[in-house]
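Just so we're aligned: the sequence shown equals residues 0 to 108 in numbering that gives the first Met the number 0.
For reference, the structure is listed below as structure tokens.
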Amino acid sequence: MLFYSFFKTQVGQQVTIELKNDLAIQGTLESVDQFLNFKLKEIKVVDEERYPHMLSVKNCFIRGSVVRYVQLSPPTVDTALLQDAARREAQSTQQMQQAKPNVAPVVAA
């Protein structure tokens, strides 16, 4: 949930998404869902010569499972907030694991 919450704060910002097939797309992040599917508007392909068929595309939906990298502009990222959220999530996970009772497996003789 940490990445989903983080990307929700980036809606309306310029991003570059590199796909697993080496296609890189720049555009304005319109929305993101819990599966990290991205919806971009006003897109531009980074390597237009290699992907000329993408020149006419203005908006796109990118399935989360095909994303390799998401590049953000540094001024839009609040690193202190992101570090704090990661720390809180790690602590809550650790507390949940500690709350589980340690039950020894039953071995049949």
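Yeah, the Cβ is synthetic: ideal placement off N, Cα and C, and Gly gets one too.
Asked: Meets three-Cβ-pair contact criterion under 8 Å: the region 0-20 and the region 77-90; Found: yes
Asked: Residue 3, enclosing beta strand (DSSP E) - first and last residue; Found: Note, residue 3: premise wrong, no beta strand (DSSP E); alpha helix (DSSP H) at 1-7.
Asked: C-alpha distance - residue 43 paired with residue 26, whole-angstrom precision; Found: 6 Å
Asked: C-beta contact flag for residue 28 and residue 18 at 9 Å; Found: no
Asked: Residue 33 beta carbon less than 9 Å from that of residue 71; Found: no
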